[in-house]
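Start counting the sequence shown at 831; every next residue gets the next number (our numbering). No residue lacks a Cβ here, since even glycine has one placed at the ideal position from N, Cα and C. Quick notes on the structure that follows.
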Amino acid sequence: MQLTSLLAATILSLTTTTIATPITQRDYPDISLSAKLALADTSADRIALLPDDSSFLFNFDVNRGKGGLGGDITLANRKTFPALVGTQSSMAVGFLGPCGFNTPHVHLRGTELQVVTQGTIHTEMIVENGVFTTAGDAKSGRRLIKNDLSANQMTVFYQGSVHTQFNTGCNPATFVASFNSEDPGTGQVAEELFALSEDVVIAAFGQAVDGAQVDDFKGKIPASIAKGVEQCLMDCLASVREIVITYVAAVRRKFMHDRHRDRDLEFWFSVKRPPRPTIAISLTSSVCKATAVGNSLPLGEMIIIGNSLPLGEMATELTESEWLSSVWSSAPVATSPEPHCVIPRARDNLLAIK
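Below, the structure written as structure tokens:
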């Protein structure tokens, strides 16, 4: 009995000395909100860290304008949209301008499901080593999976696969992409390849390039959204030329004064490659309007707003999203009383679409 009492006293002593002290909730003022959300003990604690309803709203238009020449991709991940912490999900919206090209890339930590919502997008994917055009036949070469997606059609890009998207049309295209990761990550293949040391790059190409060429390539690698495929650009410029011909005909039919009807409206057409393809049309005849209505000329249901310049030497430039969707004119300074006539000098009246 004495041994039992002694053992019980010992156990009680150990129990009372090892009772854990209450855990105090700590504040981490120097870490990001997404990090605080990740450290939260429960889902309820995470929600408490997001007291404003606006924390659960993400606007994909906010960060536009930060992509390359051919468009933008806006990503909602755990950093840009902290409400995603704990969901193992993220989403992106891609805005591809005419002939816009999302250069070959990989997502290191997520599989992408892409749905086209506007336009037509050509996609290509290389999955991994060992996937051949003819199964099991290495001599047949790597299998290239290609598709042309229209609105409301979807494809998949597996985690780590090299893939690309290209807007084959002359109008903007949009896609929505979901990922099974809060931080899928992106690596542009060409940019990463040429970021390696010069000797490694030369060896990778089997001595087919020298050091000077490597430096030259590095300077020409585009941003993630690039202006792609030469033939697409030329086809779209040809389409613009038809629009301009229609415009010139409309101007002549609706706005030429009787005493000018016998004079043809001539225009010149040029394609300037660097820095961007440009179409410029010069009206070489006087254009008269019924009333002095400024520089606005209606073309069908479209109102063409002009830009008066002191010397008439420049034309209004359109943004990528406006390319092909509207035509602007730059009116010269010299005008006469009613009927309101625009009297072009050399290069005075230009139409430009960029």
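### Query
Hey, would you say residue 1030 sits closer than 8 Å to residue 923, going by beta carbons?
Numbered from 1 along the sequence shown, position 200 holds the residue referred to as residue 1030. Numbered from 1 along the sequence shown, position 93 holds the residue referred to as residue 923. No, these two residues do not count as a Cβ contact at 8 Å.
### Query
For residue 975, which residues from the same chain have a beta carbon less than 6 Å from its beta carbon, with the 5 sequence-adjacent residues on both sides left out?
In the sequence shown, the residue the question calls residue 975 occupies position 145. Same-chain partners within the cutoff: 955.
### Message
At the level of alpha carbons, what is the spacing between residue 942 and residue 916?
### Response
The count along the sequence shown starts at 1 and reaches residue 942 at position 112. The count along the sequence shown starts at 1 and reaches residue 916 at position 86. Their backbone Cα atoms lie some 18 Å apart in a straight line.
### Task
Measure the alpha-carbon distance for residue 1021 versus residue 935 and round it to whole angstroms.
Here the question's residue 1021 lines up with position 191 in the sequence shown. Here the question's residue 935 lines up with position 105 in the sequence shown. Taking the straight line joining both Cα atoms gives about 9 Å.
### Query
Where are the beta strand (DSSP E) runs, 3 residues long or more, that stay fully inside the stretch 869–923, in chain order?
901–906
### Task
Between the Cα of residue 995 and those of 890, 926, 1032, spot the shortest distance and give me the residue it belongs to.
Indexing the sequence shown from 1 puts residue 995 at position 165. Of the candidates 890, 926, 1032, the one whose C-alpha sits nearest the C-alpha of residue 995 is 926.
### Query
Residues in its own chain within less than 6 Å of residue 963 by CB, not counting five upstream and five downstream?
Counting from one through the sequence shown, the residue named residue 963 turns up at place 133. The answer, listed in chain order, is 970, 971, 973.
### Query
Is residue 946 buried or exposed, if buried means 16 or more other CB atoms sit within 10 Å of its CB?
On the sequence shown, position 116 is the one that residue 946 refers to. When all chains shown are included, residue 946 counts as buried.
### Query
With burial defined as no fewer than 16 other Cβ atoms inside 10 Å of the residue's Cβ, what is the status of residue 958: buried or exposed?
Residue mapping note: residue 958 aligns to position 128 of the sequence shown, counting from 1. It counts as exposed.
### Message
With distance defined between alpha-carbon atoms, name the residue in 889, 866, 913, 919 nearest to residue 1011.
### Response
The residue given as residue 1011 occupies position 181 in the sequence shown. The shortest C-alpha separation from residue 1011 is found at 919.
### Nearest-angstrom Cα separation, counted from residue 944 out to residue 986
On the sequence shown, residue 986 is found 156 positions in, with the first residue counted as 1. On the sequence shown, residue 944 is found 114 positions in, with the first residue counted as 1. Residue 986 and residue 944: Cα-Cα distance of roughly 6 Å.
### Query
When the Cα of residue 930 is compared with those of 1009, 1026, 1004, 1017, which residue comes out closest?
Taking the sequence shown and counting its residues from 1, one reaches residue 930 at position 100. Of 1009, 1026, 1004, 1017, the residue nearest in Cα terms is 1004.
### Query
Buried or exposed: which applies to residue 965, given that a residue is buried once 16 or more other Cβ atoms fall within 10 Å of its Cβ?
Position 135 of the sequence shown holds residue 965. By the 10 Å Cβ count, residue 965 comes out exposed.
### Close Cβ partners of residue 921 (< 6 Å) along its chain, the five nearest in sequence each way excluded
Here the question's residue 921 lines up with position 91 in the sequence shown. Within the same chain, residue 921 has close Cβ partners 906, 1008.
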